[in-house]
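Counting along the sequence shown from 1, when you hit position 181 you're at 186 in the numbering used here, and nothing is skipped either side.
We treat Cβ as the ideally placed atom computed from N, Cα and C, and that holds for glycine.
Below: one structure, written as structure tokens.
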Amino acid sequence: MSTIATARLGTEGPEVSVQGLGCMGMSFAYGPTDADEARATLDHALDLGVTFYDTADMYGAGENEKFLAPFVQKHRGEIVLATKFGITVDPEDNLKRGINNDPAYIRQCIEGSLTRLGVETIDLYYMHRRNVDVPIEETVGAMAELVAEGKVKHLGLSEVTAPELRAAHAVHPIAAVQSEWSLFSRDVEAHVVPTAVELGVGFVPYSPLGRGFLTGAFTNATSELGSDDFRRTMPRFNGDNAEANAALLAPIRAVAESRGVTSGQVALAWLQQQAQVHGLAVVPIPGTRKRSRVEENTAATRLILTDSELELLEPIAAQVVGGRYADMSFTSAGRE
Numbered sequence: 006m007s008t009i010a011t012a013r014l015g016t017e018g019p020e021v022s023v024q025g026l027g028c029m030g031m032s033f034a035y036g037p038t039d040a041d042e043a044r045a046t047l048d049h050a051l052d053l054g055v056t057f058y059d060t061a062d063m064y065g066a067g068e069n070e071k072f073l074a075p076f077v078q079k080h081r082g083e084i085v086l087a088t089k090f091g092i093t094v095d096p097e098d099n100l101k102r103g104i105n106n107d108p109a110y111i112r113q114c115i116e117g118s119l120t121r122l123g124v125e126t127i128d129l130y131y132m133h134r135r136n137v138d139v140p141i142e143e144t145v146g147a148m149a150e151l152v153a154e155g156k157v158k159h160l161g162l163s164e165v166t167a168p169e170l171r172a173a174h175a176v177h178p179i180a181a182v183q184s185e186w187s188l189f190s191r192d193v194e195a196h197v198v199p200t201a202v203e204l205g206v207g208f209v210p211y212s213p214l215g216r217g218f219l220t221g222a223f224t225n226a227t228s229e230l231g232s233d234d235f236r237r238t239m240p241r242f243n244g245d246n247a248e249a250n251a252a253l254l255a256p257i258r259a260v261a262e263s264r265g266v267t268s269g270q271v272a273l274a275w276l277q278q279q280a281q282v283h284g285l286a287v288v289p290i291p292g293t294r295k296r297s298r299v300e301e302n303t304a305a306t307r308l309i310l311t312d313s314e315l316e317l318l319e320p321i322a323a324q325v326v327g328g329r330y331a332d333m334s335f336t337s338a339g340r341e
């Protein structure tokens, strides 16, 4: 078995591999998948030292949790399992979504996740999105009750602002914040990251490869991806925005070529080095459903970029055009 370094999320949170595995795409959002290869990818990731696996109850309306269940049950003592609640999906229209942070709904969600995953405890339980109509103290108070009852070990928050993180942490220790962070998306560095450092909270960047765009896997979602691919709805990956953003990949490719690695590995290495830059645990969760990609991604944990390479990559994010989502109300951006 290969091994990769570990990090602790939060001052008293779980010890995890410094790179986790985002499991959403194995059964949701990114078009057709090969289920057998995806299952083999889970096993291979563990062989390579990945111990941190991320899902959510809304990924495929619970189907992603069900998909992970056999793997989770087989390796329960070897892995740290994270799932989330808070995003509701209209069963008649997958694109119609809401946010529910009510305590009664949280109770319903945890029981559903435990049942689908076939486990008694969730290691890290996230509030997936923030409903501003429900006081965050009320939401986290309900989550804390789950910890007291042994149904959850540690708490996390996704897409929150710095004041929201501070308010939540005052109710119960928060182990990790999960928000988008990559060479294309660095807004969290302004407020949330410094607050996480201050409070001793770990950071779990999702979409660390820009949903594949940073790897060069595609340059225009509309023309290159299937009609059921979620990325076709994202402004920065379509039309003139996609063309402008594709040009920003040049310095990433230049670093990759000079080091004999891939663009994706450069993007992941940059993000992992933000742990030293900012002084907190940074555990990205690149998603993949292929064994070869897990090998590529985990190898990036051993790639250290030079100061000159970091300087070359520094200007990229400020030049990105287009929003992360078509509807940014589902993110923390509008509340900062």
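From Arg191, Met63, Asp95, Asp41, residue whose alpha carbon lies closest to that of Tyr131: The residue you call residue 131 lines up with position 126 of the sequence shown. Ranking Arg191, Met63, Asp95, Asp41 by Cα distance to Tyr131 puts Met63 first.
Between the Cα of Val213 and those of Thr93, Arg264, Val193, spot the shortest distance and give me the residue it belongs to. Indexing the sequence shown from 1 puts residue 213 at position 208. Before going further, note that residue 213 is Pro rather than Val in the sequence given. Taking only the C-alpha atoms, the option nearest Pro213 is Val193.
Measure the C-alpha to C-alpha separation of Leu378 and Leu310 and round it to an integer number of angstroms. Residue 378 lies beyond the residue range present for the chain, which begins at 6 and ends at 341; the question has no answer from this structure.
Determine whether the beta carbon atoms of Gly91 and Ile104 lie at a separation below 8 Å. Within the sequence shown, numbered from 1, the residue matching residue 91 stands at position 86. Within the sequence shown, numbered from 1, the residue matching residue 104 stands at position 99. Going by C-beta atoms, Gly91 is nearer than 8 Å to Ile104.
Taking the Cβ atom as the reference point for each residue, do Ile257 and Leu26 lie within a distance shorter than 8 Å? Residue 257 sits at position 252 when you count from the first residue of the sequence shown. Residue 26 sits at position 21 when you count from the first residue of the sequence shown. Remark: C-beta atoms of Ile257 and Leu26 do not approach each other more closely than 8 Å.
On the three-pair Cβ rule with 8 Å, is the segment 244-260 touching the segment 315-330? Yes: at least three Cβ pairs fall under 8 Å.
What would DSSP say about Gln277, mapped onto helix, strand or coil? Position 272 of the sequence shown, counted from the start, is the residue given in the question as residue 277. Looking at Gln277 - three-state DSSP - the assignment turns out to be helix.
Ignoring anything shorter than 4 residues or poking outside the segment 165-240, list the alpha helix (DSSP H) runs there in chain order. Within the segment 165-240, the complete alpha helix (DSSP H) segments at least 4 residues long are 167-176, 197-204, 226-229, listed from N- to C-terminus.
Could you check where the beta strand (DSSP E) with Met132 kicks off and where it finishes? The residue labelled residue 132 in the question sits at position 127 within the sequence shown. Element bounds for Met132: 127-132.
Which stretch, first to last residue, makes up the alpha helix (DSSP H) that contains Leu73? By 1-based counting over the sequence shown, the position of residue 73 is 68. Its alpha helix (DSSP H) spans residues 68-79.
Can you tell me the Cα-Cα spacing of Phe57 and Gln113, whole angstroms? Position 52 of the sequence shown holds residue 57. Position 108 of the sequence shown holds residue 113. Those two C-alpha atoms are separated by around 24 Å.
Alpha carbon of Asp234 to alpha carbon of Lys89, nearest angstrom: Position 229 of the sequence shown, counted from the first residue, corresponds to residue 234. Position 84 of the sequence shown, counted from the first residue, corresponds to residue 89. So the alpha carbons of these two residues sit roughly 22 Å apart.
Are the CB atoms of Gly18 and Ala147 within a distance shorter than 8 Å? Translated into the one-based positions of the sequence shown, residue 147 becomes position 142. Translated into the one-based positions of the sequence shown, residue 18 becomes position 13. No, the pair does not count as a contact, with Cβ atoms beyond the cut-off.
In its own chain, which residues sit with a C-beta less than 6 Å from the C-beta of Ala338, not counting the 5 before and 5 after it? Here residue 338 is taken as the residue at index 333 of the sequence shown, counted from 1. Within the same chain, no Cβ atom closer than 6 Å to the Cβ of Ala338 is found once the five residues on either side in sequence are excluded.
Assuming Arg135 contacts Ile141 (C-beta within less than 8 Å), just tell me the rounded distance between them. Here residue 135 corresponds to residue number 130 of the sequence shown, with the count starting at 1. Here residue 141 corresponds to residue number 136 of the sequence shown, with the count starting at 1. So it is a contact: roughly 7 Å between Cβ atoms.
Per DSSP, which one or two residues make a beta bridge with Arg102? Mapped onto the sequence shown, residue 102 falls at position 97. Val94.
Using DSSP bridges, identify the partner residues of Glu20. Counting from 1 along the sequence shown, the entry for residue 20 is found at position 15. DSSP, once it has assigned bridges, lists Arg13 as partnering Glu20.
Are the segment 266-284 and the segment 238-247 touching, with three or more C-beta to C-beta distances below 8 Å? Two segments are said to touch when three or more pairs of C-beta atoms, one from each, lie closer than 8 Å; by this definition the segment 266-284 does not touch the segment 238-247.
Using CA atoms only, rank isn't needed, just tell me which of Val85, Asp98, Glu154, Ile111 is closest to Val145. Within the sequence shown, the letter at position 140 stands for residue 145. If we check each option's Cα against that of Val145, Ile111 comes out closest.
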